[in-house]
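Chain order of the listed sequences is A and B. The number in the working numbering is simply the position in the first sequence, starting from 1, with 766 added. The number in the working numbering is simply the position in the second sequence, starting from 1, with 2 added.
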Amino acid sequence: MTQQREQTTVPPLEVGLGFWSMQSTYMRPIPRAQVYREAADEARLAERLGFDTLWMGEHHMSYDGYCPSLFPPAAGLLTATSRLRIASGVMVLPFHPARRVAEGCAALTSLAPDRFRLAVGIGYRPVEFAAAGVRLADRAALTDDRLAELRGPELSGRMGPTDLWVGTGVSGGVARAARFGASVLLMPTVASRKVAALRQQWSDELVPVAGGPVPRLGVMRECWVDTDPGMVDWARGRLTEMWRHYSNFWVDDPVARRARRDELAEQMGRQALFGSPDEVVDRLGRLIEAGSDTLALRVRFDGVSGGALRRCLRLLAERVLPQLGRPASGVGT
Amino acid sequence: MARLAPLAEAHNLDAILVGAVRDGMPDSDDTYVVTAAAAAAGRTRYLRIAVAMDLRGSASPLRVAEDLGVLDVMSNGRLELVLRPGAEPAWTRDLEAILGAWTGWPLADSGTPAAHMPEARTPEGRTPAARKPVTPSPVQPEIPVWLMTATEPATARPQSRGSSIVFVDWPGTPMIPDADALREMRRARDDAGAATVVVDLAGTPPERRADAVRVLGTVVGPCLRCPDDEVGILALDATDWLLRRTELHRPPLEDPE
């Protein structure tokens, strides 16, 4: 156990941005191709500002074109940048045979060695399982089987040393990550006070895997920084609207249960880190103290782009990162 | 791929074909091919992006449809498909399902519309077979599809409209084909009734592919597009231009404007 803990010595802080899910929503209906062009521009900006990672997201059969297929846009983002790490956050593993995942990773490794991070999850939206012909009840077992295949001798050679992550909000998911020697990305539903305990569990159970990067434990949070309170309120309103609509993925009858959806949206909004640079530093500091060595800051929620996003990213890079012990730019090289 | 695609675009080639047109080639799994093609799409604006697939790789038909939708959107409608058909009837059914996915994909029982969705019921009160469109749908109303045929030289015929494609190997030696070799390419194209010539660089060493693209753009492309009686003089002058590195290749000032 001591040996395992030594291997999970907290690595330097990594700061990434999320979640590029390639949507054209009712809040900002833009041509679909523009979504992908903007993503490439924003990836270049994130790289210039010194962020380490750009996280993506996967859903299926969503009216807004929510990206169902992460390998092609990952290739686009990797070729648009030269240093930035691109992460699938998260790829729903029950929908993708292990060999497909290995082939996609092999192609991305050939394009940009060591810059793609494979983060996987088990999924939850019934219609996506129905379309794939996969039983929701089988999702955990399928995920385990596929992780075992990806770590196994037949496919691990094809994939190379993989930066493997498991996205989760529960103890069982943390245990899965530990079992496969993977890093963990805790979902925004995980309250800050629970981070330390989950880190301890993961650290205690982590099975070392030879090769590949040092495993990490990260936390995902919606985040918005501005010195103008009006801009913060505006962004908070957009986030609440996003969660209000998105919560239809989580309830059986979204039309009749509108009040429940409002509740959920408000609940999710409470976890968000919104405010002035100093306020956000304070709350991020608590996550770091709780054991998060990786921050995945969701700044790209529905409809937020352009000048407002650029302003937020610059403030994050210039006023927040340095207070977290990170230089203002050129970090993570 | 990320390096060759912008070079091909800059040399006025029409399309790049990613993947293998013959079975058994390395890195020819559909997922690998679509991912590599996306890198080409990301580095170009006008070049058509063709992918060679067999629909029998690691991806299910639903995942293939999603990959293709994303790639067509990413490329702003530049995607084309060149397929190696399977002999079994299921292959044709899969292709139909993929090309129809954006208007509706069947859901298994767990996705049957819930009782609270009256619009999902027929006037007789029955719940129809549930279907839901795959997203994102392609930018193009119809993705152009070609099917490989077992001919020599290899050709692909259009699935619904357009003209055939003929595939020719890149000789590699000499690096620049002479007028006779160019006439041979034109003859192969015309004999096959094809409008498009795809030059296969798979056998060309990676370090020579950029030069091959320059030759294709400067000499081969023009000589395939010109009238019959101009091939001789065009091949001569274009080859001379490519080889003769004179001061005329660049203006004395980088930006004379």
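Where a beta carbon is used, it is the ideal one built from N, C-alpha and C, also for glycine. Since the structure is predicted, the reported quantities are computational estimates derived from the model, not experimental observations.
Closest Cα partner of residue i within the set the options
| i | options | result |
| --- | --- | --- |
| B/Arg-47 | B/Ser-60, B/Pro-179, B/Ala-4, B/Arg-86 | B/Ala-4 |
| A/Ala-841 | B/Pro-91, B/Ala-42, B/Gly-21 | B/Ala-42 |
| A/Glu-824 | A/Gly-816, A/Arg-1049, A/Asp-1018, A/Cys-833 | A/Cys-833 |
| B/Thr-198 | B/Pro-108, B/Asp-230, B/Ala-190 | B/Ala-190 |
| A/His-862 | A/Leu-916, A/Val-950, A/Val-1086 | A/Leu-916 |
| A/Ala-944 | A/Ala-957, A/Arg-959, A/Val-975, A/Thr-928 | A/Val-975 |
| A/Leu-836 | A/Arg-924, A/Cys-871, A/Ala-846 | A/Cys-871 |
| B/Thr-241 | B/Asp-231, B/Gln-161, B/Ala-214, B/Pro-254 | B/Ala-214 |
| A/Pro-777 | A/Arg-982, A/Asp-1018, A/Ala-906, A/Gly-1035 | A/Arg-982 |
| A/Trp-990 | A/Gly-1041, A/Arg-1027, A/Arg-924, A/Asp-904 | A/Gly-1041 |
| A/Met-1034 | A/Leu-1053, A/Arg-1010, A/Asp-1019, A/Phe-1015 | A/Arg-1010 |
| A/Gly-984 | A/Leu-951, A/Thr-955, A/Leu-972, A/Val-973 | A/Leu-951 |
| B/Arg-185 | B/Gly-106, B/Arg-252, B/Pro-229 | B/Pro-229 |
| B/Met-150 | B/Arg-86, B/Asp-180, B/Asp-202 | B/Arg-86 |
| A/Leu-783 | A/Gln-1089, A/Leu-1079, A/Ile-1054 | A/Leu-1079 |
| B/Met-27 | B/Ile-235, B/Trp-243, B/Gly-205, B/Asp-180 | B/Gly-205 |
| A/Leu-1090 | A/Ala-1056, A/Val-1065, A/Gly-1051, A/Gly-1057 | A/Gly-1051 |
| A/Trp-1146 | A/Met-788, A/Gly-1072, A/Ala-896 | There is simply no residue 1146 of chain A to check, as chain A begins at 767 and stops at 1099 in what is shown. |
| A/Asp-1028 | A/Arg-1049, A/Thr-1006, A/Asp-1044 | A/Thr-1006 |
| A/Ala-799 | B/Leu-64, B/Trp-104, B/Met-76, B/Ala-12 | B/Met-76 |
| A/Gly-923 | A/Asp-1059, A/Arg-883, A/Arg-865, A/Arg-849 | A/Arg-865 |
| B/Thr-105 | B/Asp-31, B/Ala-156, B/Pro-143 | B/Pro-143 |
| A/Arg-895 | B/Ala-110, B/Ala-92, B/Pro-253 | The displayed chain sequence assigns Phe, not Arg, to residue 895 of chain A. Of the listed residues, the one whose Cα sits closest to A/Phe-895 is B/Ala-110. |
Within 8 Å, strictly: CB atoms of residue i and residue j
| i | j | result |
| --- | --- | --- |
| B/Leu-49 | B/Arg-211 | no |
| A/Leu-1063 | A/Val-781 | yes |
| B/Ala-61 | B/Asp-69 | yes |
| B/Leu-19 | B/Val-200 | yes |
| A/Gly-887 | A/Val-867 | no |
| B/Val-136 | B/Ala-67 | yes |
| A/Ala-909 | A/Pro-860 | First, the amino acid is wrong: residue 909 of chain A is Thr here, not Ala. Yes; because the gap between Cβ atoms is below 8 Å, this pair is in contact. |
| B/Leu-97 | B/Met-55 | no |
| A/Phe-946 | A/Leu-913 | yes |
| B/Val-53 | B/Val-72 | no |
| A/Leu-1053 | A/Val-961 | yes |
Closer than 9 Å at the beta carbon, the chain B residues around residue i
| i | result |
| --- | --- |
| A/Gly-831 | Gly-71, Val-72, Val-75, Thr-137, Pro-138, Ser-139 |
| A/Pro-954 | Going along chain B, no residue has its Cβ under 9 Å from A/Pro-954, so there is no contact; the nearest lies around 24 Å. |
Residue range of the unbroken beta strand (DSSP E) whose run includes residue i
| i | result |
| --- | --- |
| B/Trp-243 | Unbroken run through B/Trp-243 is the alpha helix (DSSP H), 233–245; no beta strand (DSSP E). |
| B/Leu-97 | Element bounds for B/Leu-97: not the beta strand (DSSP E) but the alpha helix (DSSP H), 91–101. |
| A/Leu-1061 | 1060–1064 |
| A/Ala-812 | First-last for A/Ala-812: 798–814, but that is the alpha helix (DSSP H), not the beta strand (DSSP E). |
| B/Val-215 | Premise fails: B/Val-215 lies in the alpha helix (DSSP H), 208–217, not in any beta strand (DSSP E). |
| A/Leu-820 | 819–822 |
Proximal chain A residues relative to residue i, where beta-carbon distance stays under 8 Å
| i | result |
| --- | --- |
| B/Glu-68 | His-826, Pro-834, Ser-835 |
| B/Ala-10 | Going along chain A, no residue has its Cβ under 8 Å from B/Ala-10, so there is no contact; the nearest lies around 15 Å. |
Range of the contiguous alpha helix (DSSP H) that encloses residue i
| i | result |
| --- | --- |
| B/Met-33 | Looking at the sequence itself, residue 33 of chain B is Thr, so the reference to Met does not match. Residues 32–44. |
| B/Met-27 | Premise fails: B/Met-27 is in no alpha helix (DSSP H) and is neither H nor E. |
| A/Ser-923 | Here residue 923 of chain A is Gly; the residue named in the question, Ser, does not match the sequence. Where A/Gly-923 is concerned, the enclosing alpha helix (DSSP H) stretches over 919–925. |
| A/Trp-1000 | 995–1012 |
| B/Ala-12 | 6–12 |
| A/Trp-968 | 958–971 |
| A/Ser-876 | 864–877 |
| A/Phe-895 | 892–898 |
| A/Val-1046 | 1043–1055 |
| B/Val-66 | 63–76 |
| A/Leu-1030 | 1024–1037 |
Within chain B, the residues that residue i reaches when beta carbons sit closer than 8 Å
| i | result |
| --- | --- |
| A/Pro-974 | Within 8 Å Cβ-Cβ: nothing; A/Pro-974 doesn't reach chain B, min ~29 Å. |
| A/Pro-979 | Simply none; closest approach about 21 Å. |
Chain-ordered neighbours of residue i on chain A, where CB pairs are closer than 9 Å
| i | result |
| --- | --- |
| B/Glu-4 | The sequence given here has Ala at residue 4 of chain B, not Glu. Near B/Ala-4 (Cβ distances below 9 Å), the residues of chain A are Ala-841, Leu-844, Thr-845, Leu-877, Ala-878. |
| B/Trp-107 | Met-827, Ala-897 |
Bridge partners - residue i, DSSP secondary structure assignment
| i | result |
| --- | --- |
| A/Phe-837 | Note: A/Phe-837 sits in no beta bridge, so no partner. |
| A/Gly-933 | A/Leu-951 |
| B/Ile-51 | B/Ile-18, B/Leu-81 |
| A/Val-886 | A/Met-857, A/Val-932 |
| B/Trp-148 | B/Val-84, B/Pro-160 |
| A/Val-985 | A/Leu-952, A/Leu-1061 |
| B/Ala-196 | B/Ser-166 |
| A/Leu-783 | A/Leu-820, A/Leu-1063 |
Under 7 Å by beta carbon: chain B residues contacting residue i
| i | result |
| --- | --- |
| A/Val-865 | Correcting the residue identity first, residue 865 of chain A is Arg in this sequence and not Val. Chain B residues near A/Arg-865: Ser-60. |
| A/Ala-873 | Tyr-34, Thr-37, Ala-38 |
| A/Tyr-802 | Val-75, Met-76 |
| A/His-1011 | Correct list: empty, because the minimum Cβ distance to chain B is about 15 Å. |
| A/Pro-838 | Val-36, Thr-37, Ala-40, Asp-69, Val-72, Leu-73, Met-76 |
Within chain A, partners of residue i - CB distance below 7 Å
| i | result |
| --- | --- |
| B/Leu-64 | Ala-897, Ala-898 |
| B/Asn-78 | Ala-799 |
| B/Asp-31 | Glu-869 |
| B/Gly-44 | Ala-806, Ala-841, Gly-842, Thr-845, Ala-846 |
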